[in-house]
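Trainee:
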Amino acid sequence: MKTTLYLVRHGETYENHDHIVQGILDTQLTSKGIAQADAVGQYFKDIHLDVAYVSPLSRAKDTMKGALKYHYDITPIIRPNLHEIKCGKLQGLSNDEANRQFNDIMKTFKAHPSDFVPPEGESMREVYRRFTSEILEIMKMNLEKTVLVVAHGTVIQTWLSYVHVFSEDCIQFDFLPNGSISCFNFDHKLNPEIKFIGYVPK
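Take the sequence shown: its letters are residues 506 to 707, numbered as in my numbering.
Here it is as structure tokens:
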């Protein structure tokens, strides 16, 4: 039996659409985001899932509802440590406003993500440690099972860095679409192997 993780980024929110920094703001899915969640559910229609875990934020929970629409027997478990990065004073600002008000900090985010520390927020290194530890703990509890997790763009990016064997000092970012699915298999020592990253079901 394989140990498998499906990791899903939530569907589009109004803030995603309007290019506003969300962090841990509790934002809502757009109609497009709801459709993306439904497409995720269609993808999983004929895939066996044993258990599901979700961030406490509404955009993730609403995406999970769509993802599990054919899996009536599974009740998702909320895990607080799956939440998005805490962006402090950046939260609620447009990307343009964030760049104007906190230019040096935003330059660091783009050029050296590992050194990013939002004002009154959570450092990227803290996010890396929090999220990778949480995923590994979840998988440790579910050996030889197939696990679904719905979370957020930035935290998933830190996991991808971990999987690529980048330390918290070498975090790398690539574009990961809303409603995208990534899949990983694990050996008995919980070493992850990439099956695919960033697939967007239609």
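Each residue gets a CB set at the ideal place from its N, CA and C atoms; glycine is no exception. Quick caveat: nothing in here was measured; it's all calculated off a predicted structure.
Let me know the beta strand (DSSP E) ranges lying completely inside the stretch 663–699, each 3 residues or longer, listed in chain order.
Mentor: For the stretch 663–699, whole beta strand (DSSP E) runs of length 3 or above, ordered along the chain, are 686–691.
Trainee: Note down, in chain order, each residue of its chain lying with its Cβ closer than 7 Å to the Cβ of N683, except the 5 sequence neighbours on either side.
Mentor: R514, H515, G516, E517, N521, G538 and Q541.
Trainee: Taking the straight line between their C-alpha atoms, what separation do you get for M611 and L510?
Mentor: Distance between the alpha carbons of M611 and L510 is about 32 Å.
Trainee: So the candidates are D531, M569 and S563; which of them puts its Cα closest to the Cα of Y548?
Mentor: Ranking the options by Cα distance to Y548, first place goes to M569.
Trainee: Would you list the one or two residues that DSSP bridges to V556?
Mentor: Paired residues: V652.
Trainee: Could you pull out every residue in the same chain whose Cβ sits closer than 8 Å to the Cβ of D543, ignoring the five residues on either side in sequence?
Mentor: G571 and K574.
Trainee: What residues in its chain sit with their C-beta under 6 Å from that of F525, if we drop five residues either side in the sequence?
Mentor: In the sequence on display, residue 525 carries Ile and not Phe. So the list reads S599, once near-sequence residues are dropped.
Trainee: Using a Cβ-Cβ cutoff of less than 7 Å, which residues in the same chain neighbour F607 once the five nearest sequence positions on both sides are dropped?
Mentor: Closer than 7 Å at the Cβ level, and outside the excluded window around F607, lie L595 and P624.
Trainee: Count the other CB atoms, across all protein chains shown, that sit within 10 Å of the CB of E627; report buried if there are 16 or more and exposed otherwise.
Mentor: By the 10 Å Cβ count, E627 comes out buried.
Trainee: Using 8 Å for Cβ pairs, my map puts I529 next to K591. What's the rounded Cβ distance?
Mentor: Indeed, because the Cβ distance is near 5 Å, the residues count as touching under 8 Å.
Trainee: Please classify F680: is it buried, with 16 or more other beta-carbons within 10 angstroms of its beta-carbon, or exposed?
Mentor: Label assigned to F680: exposed.
Trainee: Among L562, V556, A557 and D551, which has the Cα closest to the Cα of D531?
Mentor: Minimum Cα distance to D531 is reached at L562.
Trainee: Can you tell me which of A557, Y667 and V652 puts its alpha carbon nearest to the alpha carbon of M629?
Mentor: Comparing Cα positions, the closest option is Y667.
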